[in-house]
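Protein chains in written order, with this note's numbering: chain S, 222 to 380; chain A, 141 to 710.
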């Protein structure tokens, strides 16, 4: 079993970086087993190709604009995942979409992809999350942990 | 009657670019390139410690993380007149070269080949004939009949499941697709092999840079890699030998597959040597420093006027005054205001980043990109200027690979194709492959230099920076995969007072400047053919030939829930 938790986003643009900040928090607070790799993907594209090959599951954490009040979380799974990539909900889709397309072609795409997202409150310049979104990071970490457990992974909170 | 075509965003690029063209009689008559996202990242850096700038600037872009890290530390080192140990140069050089090779391979096979290669047509190929053709061009071990049959079977399964839709905007069956089914299959086989090979470049960056995708080892004053001949925890001989293995694997692919494919495909599309010439003012900077001061470089750089190689004027050192004094940026057609008026340009040390968004105004402001110039002229930057400058400077390996590529193009096209053909859309692809072969040679050489120097007992990798009171200014330049990148820093008593990044895609995708002269994309699109305005494949070919990467040129903010692609023919 190989699972990647991939936080993407630009940490220079406040809430745009919520995916990266969530993964940082996940690693700081939870002990992940060896089969789970947490990656700070930033705004990278094809450079992540190898790390995303032959996964049993990919959990993407990203800022998603889906017309909800700021700091609303969302879990996209199943048929909603292709929709995430078809409509421009996040500025990184070009990069990640190309990576997944190449993996698909090579027969190495993740068997399952889920997206843990959050509607941003701010996309201004700045290295800190907005207070509203920062307050919800624990909720996103909780959603990622729940997904990992659903996938059959044992994770434990750090003492 | 002129028809307006808007492509927004241009896909298979990083970032967000909008291109508008006016088409009349099947040709582009007018063109606008517009960066659709704002970059104000420089403002974040003001007041911070200059030693932290590289880690922040490498977050500007997802494709070019390392290049911003390098340009940033060089800018601060230039401001402090700080020399760095040669070991640090070699390690940085290897990271930059491996990154560049990765970038070029991925750009050609995974991002732009689909403009020229019809994946669906490959299903009709005779795999044995395709393999025989490939073997006639190169001795690459992946050109076997078995391999070609296997890939075609895989492709059949893939197309059969209807998954091809994930290659958004592949114009299958477009009349401008000219390759035979066999050549298309050859390209698909190498597409998949390139996926394998690109990992070696990534591994080199990850091992030397201590982490991927964001490297961790760079520091103002050198690199943070402790070198050792025997310790386990640092960059050991064992790890360096693994790096050498990957360097050799990459080299095999670059010389025997990439360079060959570009030559062959270029030969089939020889008519594309007539399009996309545009701006022939070429700028590149020297790179791959060989001494601690940055006065000797493995790869030369400079300026070529009007496409004439004999006009080459070299740029010779870090902090070269000829380069520093030549660069400025205008905002007359950009969504910014300068406090002393938009009719003149500003030097990057005096650069301002104050947004003023209007609407898309054809004759007014229409882009988030500024318009950089070199001594008042718009430039083209990137692999083509790089290769031409290196040839002009008498760099022998470049001449050797350029000649080999052009000879192959001539053979396939059945007519003599000379160096003048490089000033074109397809020529930019050829130049990228030629430059990549040069980089591959140089990567192996930097490894040798590092090992030889370590063998002499020199393990130094870092000189501690000291920040004096008062103001210092510095520029860090880097010949990045997409061309000239420069970071400009003003430091005041150890804190950043001003910071500007002038990035390659800003040079190339610039809007009109203060004298209303078009940028390189805009100029190169003029007279580009467009067979079907609903499917402007030919426009994408010319734009993609630059390998646009707007992530660093601009940033964020688009409306919610736009469709991924709008091709609007008005």
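Just so you know, even glycine gets a beta-carbon here, dropped at the ideal spot from N, CA and C.
*Verify the contact flag: residue 255(S), CB atom, against every heavy atom of the ligand HEM, threshold strictly below 7 Å.*
Summarising the ligand content, the structure contains no ligands, and the ligand HEM is consequently not present.
*Is any beta-carbon of chain S found at less than 8 Å from that of residue 423(A)?*
What you label residue 423(A) is simply residue 283 of the second chain in a count that begins at 1. False, the Cβ-Cβ gap to chain S never drops below 8 Å.
*Can you round the beta-carbon distance between residue 681(A) and residue 565(A) to whole angstroms, since I take them to be within the 8 Å contact cut?*
Mapped onto the second chain, residue 681(A) falls at position 541. Mapped onto the second chain, residue 565(A) falls at position 425. About 6 Å; that satisfies the 8 Å criterion.
_Please tell me whether residue 271(S) has its Cβ less than 8 Å away from any Cβ of chain A._
Mapped onto the first chain, residue 271(S) falls at position 50. Closer than 8 Å to some Cβ of chain A, the Cβ of residue 271(S) qualifies, so yes.
*Going by the beta-carbon positions, is the gap between residue 280(A) and residue 397(A) smaller than 8 Å?*
On the second chain, residue 280(A) is found 140 positions in, with the first residue counted as 1. On the second chain, residue 397(A) is found 257 positions in, with the first residue counted as 1. Cβ atoms of residue 280(A) and residue 397(A): closer than 8 Å.
*So residue 332(A) packs on residue 292(A), CB below 8 Å; how close in whole Å?*
Your numbering for residue 332(A) matches position 192 in the second chain. Your numbering for residue 292(A) matches position 152 in the second chain. Going by Cβ atoms, the distance from residue 332(A) to residue 292(A) rounds to 11 Å, so no, they are not a contact pair.
*Using a Cβ-Cβ cut-off of 8 Å, state whether residue 268(S) counts as contacting chain A.*
Taking the first residue of the first chain as 1, we reach residue 268(S) at position 47. Chain A, which has a Cβ nearer than 8 Å to the Cβ of residue 268(S), makes this yes.
*Can you name the start and end residues of the beta strand (DSSP E) that residue 563(A) belongs to?*
Indexing the second chain from 1 puts residue 563(A) at position 423. Counting along the chain, residue 563(A) falls outside any beta strand (DSSP E), and DSSP gives it neither H nor E.
*Can residue 355(A) and residue 361(A) be called in contact, C-beta distance under 8 Å?*
Here residue 355(A) refers to the residue found at position 215 of the second chain. Here residue 361(A) refers to the residue found at position 221 of the second chain. If you check the CB distance, residue 355(A) and residue 361(A) do not come in under 8 Å.
*Going along the chain, which residues of the segment 247-281 of chain A sit with their C-beta nearer than 8 Å to a C-beta in chain S?*
So the list reads 250, 251, given in the order they occur along the chain.
_Report the start-end ranges of each beta strand (DSSP E) in the segment 316-370 of chain S that is 3 residues or longer and not cut off at the edges._
Correct list: 334-339.
*Give the residues from the segment 222-237 of chain S that approach chain A closer than 8 Å (Cβ to any Cβ), ordered along the chain.*
Under the 8 Å Cβ criterion, the segment 222-237 of chain S contributes 231, 232, 233, 234, 237.
*Quick one: does residue 339(S) have its CB under 8 Å from some CB of chain A?*
Position 118 of the first chain holds residue 339(S). By this cut-off, residue 339(S) is not an interface position.
_Three-pair Cβ contact test at 8 Å for the segment 408-428 of chain A versus the segment 664-680 of chain A_ = Yes, since at least three Cβ pairs between the segment 408-428 of chain A and the segment 664-680 of chain A fall closer than 8 Å, the two stretches touch.
_Reference residue 249(A), options 294(A), 322(A), 337(A), closest by Cα_ = Counted from its first residue, the second chain places residue 249(A) at position 109. When only C-alpha atoms are compared, the closest one is 337(A).
*Is the Cβ-Cβ distance between residue 321(S) and residue 327(S) less than 8 Å?*
Position 100 of the first chain holds residue 321(S). Position 106 of the first chain holds residue 327(S). Cβ distance not < 8 Å, so residue 321(S) and residue 327(S) don't count as in contact.
*Could you name the residues of chain D that residue 327(S) contacts, counting a contact when the two beta carbons are closer than 7 Å?*
This model lacks chain D altogether, as its protein chains are S and A.
*Give the residues of chain A in contact with residue 364(S), contact being defined as C-beta atoms less than 7 Å apart.*
The residue you call residue 364(S) lines up with position 143 of the first chain. What residue 364(S) touches in chain A: nothing, since even the nearest Cβ is about 22 Å away.
*Taking the alpha-carbon positions, what's the residue 489(A) to residue 615(A) distance?*
Counted from its first residue, the second chain places residue 489(A) at position 349. Counted from its first residue, the second chain places residue 615(A) at position 475. Distance between the alpha carbons of residue 489(A) and residue 615(A): 9 Å.
_Near-chain S residues of the segment 178-194 of chain A - C-beta to any C-beta below 8 Å_ = Residues 180, 181, 183, 184.
*Per DSSP, residue 513(A) forms a beta bridge with which residues?*
Within the second chain, residue 513(A) is the residue found at index 373, counting from 1. In the DSSP output, where bridge partners are listed per residue, residue 513(A) has 468(A).
_Against residue 284(S), what residues of chain A qualify as contacts under a CB-to-CB distance less than 8 Å, listed in chain order?_
Sequence index remark: in the first chain, residue 284(S) carries index 63 (1-based). Going along chain A, no residue has its Cβ under 8 Å from residue 284(S), so there is no contact; the nearest lies around 10 Å.
*Contact set between residue 543(A) and chain S, taken where Cβ atoms lie within less than 9 Å*: Start at 1 with the first residue of the second chain, and residue 543(A) comes out as number 403. Ordered by position in chain S, no residue passes the 9 Å Cβ test against residue 543(A), which lies about 31 Å from the chain.
*Is residue 267(A) closer than 8 Å to residue 294(A) when the C-beta atoms are compared?*
Position 154 of the second chain, counted from the first residue, corresponds to residue 294(A). Position 127 of the second chain, counted from the first residue, corresponds to residue 267(A). Contact check for residue 294(A) against residue 267(A) fails: the beta carbons are separated by 8 Å or more.
_Same chain, Cβ closer than 8 Å to residue 538(A), five either side skipped, listed in chain order_ = For the purposes of this step, residue 538(A) is identified with residue 398 of the second chain, where counting begins at 1. If you ignore the 5 residues before and after residue 538(A), its C-beta comes within less than 8 Å of the C-beta of 527, 530, 531, 574, 575, 578, all in its own chain and listed in chain order.
*Kindly indicate if chain A contains any beta-carbon less than 8 Å away from that of residue 299(S).*
If you number the first chain from 1, residue 299(S) lands on position 78. No - not a single Cβ of chain A is within 8 Å of the one on residue 299(S).
_Three-state secondary structure assigned by DSSP to residue 288(S)_ = Residue mapping note: residue 288(S) aligns to position 67 of the first chain, counting from 1. If DSSP states are grouped into helix, strand and coil, residue 288(S) belongs with coil.
*Which of the three DSSP states, helix, strand or coil, is assigned to residue 675(A)?*
Along the second chain, one-based indexing puts residue 675(A) at 535. The three-state reading of DSSP puts residue 675(A) in coil, since its state is none of H, G, I, E or B.
*asked:* 8 Å is my cut-off, CB to CB: does residue 205(A) come that close to chain S?
replied: As a first step, residue 205(A) is located in the second chain; it is residue number 65 there, counting from the start. Using beta-carbon distances, residue 205(A) counts as an interface residue toward chain S, with a partner under 8 Å.
*Do residue 654(A) and residue 316(A) have their CB atoms nearer than 8 Å?*
Here the question's residue 654(A) lines up with position 514 in the second chain. Here the question's residue 316(A) lines up with position 176 in the second chain. Going by C-beta atoms, residue 654(A) is not nearer than 8 Å to residue 316(A).
*asked:* Do residue 507(A) and residue 175(A) count as a contact pair if the criterion is CB distance below 8 Å?
replied: As a position in the second chain, residue 175(A) is number 35, starting the count at 1. As a position in the second chain, residue 507(A) is number 367, starting the count at 1. Residue 175(A) is a Cβ neighbour of residue 507(A), given a cutoff of 8 Å.
_Exposure label - residue 252(S); buried when at least 16 CB within 10 Å_ = Stepping through the first chain from its first residue, residue 252(S) is reached at position 31. With fewer than 16 Cβ atoms within 10 Å of its Cβ, residue 252(S) is classed as exposed.
*asked:* Does any residue of chain A have a CB that is nearer than 8 Å to the CB of residue 343(S)?
replied: Counted from its first residue, the first chain places residue 343(S) at position 122. Any Cβ of chain A closer than 8 Å to the Cβ of residue 343(S) would place that residue at the interface, and such an atom is absent.
*Can you give me, in chain order, the residues of the segment 346-362 of chain S that have a beta carbon less than 8 Å from any beta carbon in chain A?*
Here the close residues are 346, 347, 348.
*Among 223(A), 557(A), 637(A), 463(A), which one has its Cα closest to the Cα of residue 492(A)?*
Locating residue 492(A) in the second chain gives position 352, where the first residue counts as 1. Comparing Cα-Cα distances from residue 492(A) to each of 223(A), 557(A), 637(A), 463(A), the minimum goes to 637(A).
*Quick one: does residue 146(A) have its CB under 8 Å from some CB of chain S?*
Numbered from its first residue, the second chain carries residue 146(A) at position 6. So no, residue 146(A) is outside the interface.
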